[in-house]
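Asker: Here the sequence shown is numbered in the working numbering, starting from 6 and rising by one per residue.
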Amino acid sequence: MPRAGHPPNGTHPPLRGGKTVTHAALKKYATLKNLTFVFALIQVVWLVWFFYTGLGGAQELVARVMSIALILQLLFMYEQDYLYKWLPSPANHALVALYAGICVYSFIYFSFEYERIAIYSQGSYTQQDFIVGLLMFLLVMELSRLAHPVLFWTNVVLVVYTLWGYLSPIDFFWHPGTSFYRVVTSSTVEFSTGIYGLYGQIALTLIAAFLLLAGVASGFDAQRAMINVVRLIAGRSRQLIPQTAVVGSSAIGMISGSGSANAAVVGTITIPLMIRYGVPATFAAAVETSASMGGLIMPPMMGVGAFLMSEFLGVPYWDVVIRGFALAFVYYVSVGVAVYLLCVRLLPRDAIERPQVPLYDKLKTAVFFSSVLYLIYLMGFVGKGELLAALYTASFMLGLLVAVFLYFKYMLKDAALANETLFGNIRRAIETHAEMTSYLTLLLATLGIMIGLFTVTGFINRMGAMLLDLGAWNIVAMIFMAWIFGWLAGAGLPPTATYIIGAVVIVRPMQELGINPWIAHFFVFLMSVWGELSPPTSLTAAVCARIANASFLKTMYEALKICAPITLMTFAIFTRSNMVVNPGWMQIVDTLLVLVSTCGITFAMFGRFHDNPSVDLPLRSLMALVSFVVMFHPDTKVSATVAVAVVVALVLGIWRHRIVAPPKAAAPAEVAATSPEGLAPLIAEATRDIG
Numbered sequence: 006m007p008r009a010g011h012p013p014n015g016t017h018p019p020l021r022g023g024k025t026v027t028h029a030a031l032k033k034y035a036t037l038k039n040l041t042f043v044f045a046l047i048q049v050v051w052l053v054w055f056f057y058t059g060l061g062g063a064q065e066l067v068a069r070v071m072s073i074a075l076i077l078q079l080l081f082m083y084e085q086d087y088l089y090k091w092l093p094s095p096a097n098h099a100l101v102a103l104y105a106g107i108c109v110y111s112f113i114y115f116s117f118e119y120e121r122i123a124i125y126s127q128g129s130y131t132q133q134d135f136i137v138g139l140l141m142f143l144l145v146m147e148l149s150r151l152a153h154p155v156l157f158w159t160n161v162v163l164v165v166y167t168l169w170g171y172l173s174p175i176d177f178f179w180h181p182g183t184s185f186y187r188v189v190t191s192s193t194v195e196f197s198t199g200i201y202g203l204y205g206q207i208a209l210t211l212i213a214a215f216l217l218l219a220g221v222a223s224g225f226d227a228q229r230a231m232i233n234v235v236r237l238i239a240g241r242s243r244q245l246i247p248q249t250a251v252v253g254s255s256a257i258g259m260i261s262g263s264g265s266a267n268a269a270v271v272g273t274i275t276i277p278l279m280i281r282y283g284v285p286a287t288f289a290a291a292v293e294t295s296a297s298m299g300g301l302i303m304p305p306m307m308g309v310g311a312f313l314m315s316e317f318l319g320v321p322y323w324d325v326v327i328r329g330f331a332l333a334f335v336y337y338v339s340v341g342v343a344v345y346l347l348c349v350r351l352l353p354r355d356a357i358e359r360p361q362v363p364l365y366d367k368l369k370t371a372v373f374f375s376s377v378l379y380l381i382y383l384m385g386f387v388g389k390g391e392l393l394a395a396l397y398t399a400s401f402m403l404g405l406l407v408a409v410f411l412y413f414k415y416m417l418k419d420a421a422l423a424n425e426t427l428f429g430n431i432r433r434a435i436e437t438h439a440e441m442t443s444y445l446t447l448l449l450a451t452l453g454i455m456i457g458l459f460t461v462t463g464f465i466n467r468m469g470a471m472l473l474d475l476g477a478w479n480i481v482a483m484i485f486m487a488w489i490f491g492w493l494a495g496a497g498l499p500p501t502a503t504y505i506i507g508a509v510v511i512v513r514p515m516q517e518l519g520i521n522p523w524i525a526h527f528f529v530f531l532m533s534v535w536g537e538l539s540p541p542t543s544l545t546a547a548v549c550a551r552i553a554n555a556s557f558l559k560t561m562y563e564a565l566k567i568c569a570p571i572t573l574m575t576f577a578i579f580t581r582s583n584m585v586v587n588p589g590w591m592q593i594v595d596t597l598l599v600l601v602s603t604c605g606i607t608f609a610m611f612g613r614f615h616d617n618p619s620v621d622l623p624l625r626s627l628m629a630l631v632s633f634v635v636m637f638h639p640d641t642k643v644s645a646t647v648a649v650a651v652v653v654a655l656v657l658g659i660w661r662h663r664i665v666a667p668p669k670a671a672a673p674a675e676v677a678a679t680s681p682e683g684l685a686p687l688i689a690e691a692t693r694d695i696g
């Protein structure tokens, strides 16, 4: 629907004379969407050049490209709707121009003054430095208010606390206070913290490089093609239809690094598919929510927290990825087992029609998986740096997708490609990359302000000291308190924010108490992932529930039960530490032990040994008990011995479950009556989200 004062597409005045033709041509091409594409092209070219050369370093890059990213985020938001619906159209136009002008001004200023500010000023800033910093600080705060209101109000509270902490009547929160000048400079022109600090640098380097893969795949619609191919896994089995959500989400998660983006891309296909074959709407939404959540831990992309972890630990990103494979393997196998057990109870074992998938979709899927393998080869075997590996892989994927597209469009004359153009696909790839990168850059810039203010007030040190005191009394109590702290943070903040806060507050006390840094960081990482699903907020569950037209709270509750492995793994890494500490054979042993235990607990929750509850419940309780022994017993030999018994019981249990659990008749198909008006904003937010 066009905005007020905007003529619908295709309505133009009669063309008479060159002047009118020129005006019409200008009106046709001088559009907001084309302006956005120009800035997107500038950003992607600049970033690709940096990934290839590394000239200037990450700090100089973010001092310049941050302004472009914020302009892009501003334009993408304005494409969706007016920034201020209560203001008239001219006022909205003027404010967008003002915000863009601030970005242009800061871009020009830092282009000329960066070296002086970063090297020679050393805390002695000019009035003009402060003004530019203040303008950027206010702009990021306002954009975060529009895009991330919870983070905005958190930062507002922190600013007030930073200024007037000396008024606190509670000793734990008391600090001497600081000036507004210090708040602004620490968040901007100091460059070491705040908007231009570590988090903004990671957004525009490591993460932006890997987002090239997601952009290219999206440009040629490779994700949807892959989901169509994944549907072949179900074959003619109705009970395996929900497994398309599990496998499809794990595949998309390789390049999305996000739960909500997975839900938006995969869920729009798999949820209606499941409902069509008789899966209840709430269960369909919960299955996709659970499967999509794995995108936050699925290598090689994982979530933003994985990139931050590599920076905090000072290790190559591949070291994080190789440990992430163990977590993702346990998670998706356990979720797959849970979904299968539930489907046996809900769906009959009758045959359905086998889907037909075009050859073009199969080839795009082959290109997708070949690219992921190529990325793993470059990072894990050749030893390429993360930026070059991501750049080469994106180029590899783009080249193959272009070749396949040209062959099917011009050689085979495929009717499905009649309305597609090569330029259109490449443009969509560039715009997708720009939207995800700019959205994430704003998020991390906002978090940079938050962590900078935490640092200035000394809150991080005081919280760490409290955890140390608790850990000196009882290490288990400290771990539990840290988990509660992370859960409370994750209840209102995105996983990235939860991980950053946890990493700066929780990890150091754990390390000082002798806990391995890998264990401490993965504990916080898994805790932040679980926080995305914890009540009362979850964008992933909200997207899936809206697609299925199901209850949000019921969807979240069912997904929490299916996602039990992520909660258990958060604590399992303390006893099965080789899973994240020592890649190799010992990692494989501990990973298999955790997998056996999570599958055993999953069966205890969802399986059936016997149709008589008085027999079934004791057997399942015993199954859960011995599975916990496998997971948490400190002696690996004891765990391995008990694991053999759990595997035997699990195989027997699944056989019995297939006999006693199936329903007697086919479930009636339901209709997913989604509301496009309510769904569109959620999908738009979810598709550009990452971790």
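All residues carry an ideal CB built from backbone N, CA and C; glycine is no exception. Keep in mind it's a predicted model, so treat the numbers as computed, not measured.
Near residue 145, which residues of its chain fall below 6 Å by C-beta distance, leaving aside the five closest residues on each side in sequence?
Answerer: Sequence index remark: in the sequence shown, residue 145 carries index 140 (1-based). Result list for residue 145: 200 and 450, in chain order.
Asker: From residue 197 to residue 203, what does the alpha carbon distance come to, in whole angstroms?
Answerer: Counted from its first residue, the sequence shown places residue 197 at position 192. Counted from its first residue, the sequence shown places residue 203 at position 198. Roughly 7 Å between the two C-alpha positions.
Asker: Kindly give me the distance between the Cβ atoms of residue 66 and residue 55, rounded to whole angstroms, as I take these residues to be in contact under 8 Å.
Answerer: Your numbering for residue 66 matches position 61 in the sequence shown. Your numbering for residue 55 matches position 50 in the sequence shown. Confirmed, Cβ separation roughly 5 Å.
Asker: Counting C-beta neighbours from all protein chains within 10 Å, is the total for residue 525 16 or more, i.e. buried, or is it exposed?
Answerer: By one-based count along the sequence shown, residue 525 stands at place 520. The residue in question, residue 525, is buried, as its Cβ has 16 or more Cβ neighbours within 10 Å.
Asker: So, does the segment 591-603 touch the segment 562-578, judging by three or more C-beta pairs under 8 Å?
Answerer: A contact exists between the segment 591-603 and the segment 562-578.
Asker: Considering only C-alpha positions, which residue in the set 487, 306 and 51 is nearest to residue 394?
Answerer: On the sequence shown, residue 394 is found 389 positions in, with the first residue counted as 1. Checked all of 487, 306 and 51; the closest Cα to residue 394 is 306.
Asker: Report the partner residues of residue 242 according to the DSSP bridge assignment.
Answerer: Position 237 of the sequence shown, counting from 1, holds the residue named residue 242. According to DSSP, residue 242 bridges with 356.
Asker: Taking only runs that begin and end inside the segment 192-274, name each unbroken alpha helix (DSSP H) of 4 or more residues, in chain order.
Answerer: Listed in chain order, they are 203-207, 213-224, 227-235 and 248-261.
Asker: Have a look at residue 408 and residue 402 and give me their C-alpha separation to the nearest angstrom.
Answerer: Locating residue 408 in the sequence shown gives position 403, counting from the first residue. Locating residue 402 in the sequence shown gives position 397, counting from the first residue. Distance between the alpha carbons of residue 408 and residue 402: 10 Å.
Asker: Measuring straight from C-alpha to C-alpha, what distance separates residue 527 and residue 342?
Answerer: Against the sequence shown, residue 527 aligns to sequence position 522. Against the sequence shown, residue 342 aligns to sequence position 337. About 24 Å.
Asker: Which residue wins for smallest C-alpha separation from residue 646, given the options 594, 610, 606 and 625?
Answerer: Numbered from 1 along the sequence shown, position 641 holds the residue referred to as residue 646. Answer by Cα proximity: 594.
Asker: Give me the residue from 236, 158, 232 and 134 with the minimum Cα distance to residue 186.
Answerer: One-based indexing of the sequence shown puts residue 186 at position 181. Ranking the options by Cα distance to residue 186, first place goes to 134.
Asker: Under DSSP, the alpha helix (DSSP H) around residue 312 begins and ends at which residues?
Answerer: Position 307 of the sequence shown holds residue 312. Where residue 312 is concerned, the enclosing alpha helix (DSSP H) stretches over 309-318.
Asker: Which value, in whole angstroms, describes the spacing of the CA atoms of residue 674 and residue 287?
Answerer: Counting from one through the sequence shown, the residue named residue 674 turns up at place 669. Counting from one through the sequence shown, the residue named residue 287 turns up at place 282. The pLDDT assigned to residue 674 is 49, lower than 50, so where the model puts this residue is not dependable, and the model offers no usable value.
Asker: Measure how close the beta-carbons of residue 561 and residue 544 come, nearest whole angstrom, since I'm counting them as under 8 Å.
Answerer: Along the sequence shown, read from residue 1 onward, the residue named residue 561 stands at position 556. Along the sequence shown, read from residue 1 onward, the residue named residue 544 stands at position 539. In fact, because the Cβ distance is near 11 Å, the residues do not count as touching under 8 Å.
Asker: Measure the CB-CB distance between residue 193 and residue 139 and report whether it falls below 9 Å.
Answerer: Position 188 of the sequence shown holds residue 193. Position 134 of the sequence shown holds residue 139. Yes, the Cβ-Cβ distance between residue 193 and residue 139 is below 9 Å.
Asker: Let me know the secondary structure DSSP gives residue 521 once reduced to three states.
Answerer: The residue labelled residue 521 in the question sits at position 516 within the sequence shown. Coil at residue 521, not helix or strand.
Asker: I need the DSSP call for residue 175, collapsed to helix, strand or coil.
Answerer: The residue you call residue 175 lines up with position 170 of the sequence shown. Coil.
Asker: I need the straight-line Cα distance from residue 399 to residue 222, nearest angstrom please.
Answerer: Along the sequence shown, read from residue 1 onward, the residue named residue 399 stands at position 394. Along the sequence shown, read from residue 1 onward, the residue named residue 222 stands at position 217. Near 9 Å, if we compare the C-alpha coordinates of residue 222 and residue 399.
Asker: Using CA atoms only, rank isn't needed, just tell me which of 552, 520 and 465 is closest to residue 509.
Answerer: The residue you call residue 509 lines up with position 504 of the sequence shown. For residue 509, the nearest C-alpha among the options comes from 465.
Asker: DSSP on residue 423, reduced to helix/strand/coil?
Answerer: For the purposes of this step, residue 423 is identified with residue 418 of the sequence shown, where counting begins at 1. If DSSP states are grouped into helix, strand and coil, residue 423 belongs with coil.
Asker: Alpha carbon to alpha carbon, what distance is there between residue 291 and residue 489?
Answerer: The sequence position of residue 489 within the sequence shown is 484, counting from 1. The sequence position of residue 291 within the sequence shown is 286, counting from 1. About 24 Å.
Asker: With distances taken Cα to Cα, identify the nearest neighbour of residue 317 among 523, 383 and 479.
Answerer: Sequence index remark: in the sequence shown, residue 317 carries index 312 (1-based). Ranking 523, 383 and 479 by Cα distance to residue 317 puts 523 first.
Asker: For the structure I just gave you, are there three or more beta carbon pairs, one from the segment 110-125 and one from the segment 172-186, closer than 8 Å?
Answerer: Short answer: they don't touch.
Asker: Report the residue from 137, 101, 650 and 99 whose alpha carbon sits nearest the alpha carbon of residue 117.
Answerer: For the purposes of this step, residue 117 is taken as the residue at position 112 of the sequence shown. The option with the nearest alpha carbon to residue 117 is 137.
Asker: How far does the alpha helix (DSSP H) with residue 551 in it reach, from first residue to last?
Answerer: Counting from one through the sequence shown, the residue named residue 551 turns up at place 546. First-last of the alpha helix (DSSP H) with residue 551: 544-553.
Asker: Between the segment 312-327 and the segment 347-358, do three or more beta carbon pairs fall short of 8 Å?
Answerer: With a cut-off of 8 Å, the segment 347-358 and the segment 312-327 do not count as touching, because too few Cβ pairs lie within range.
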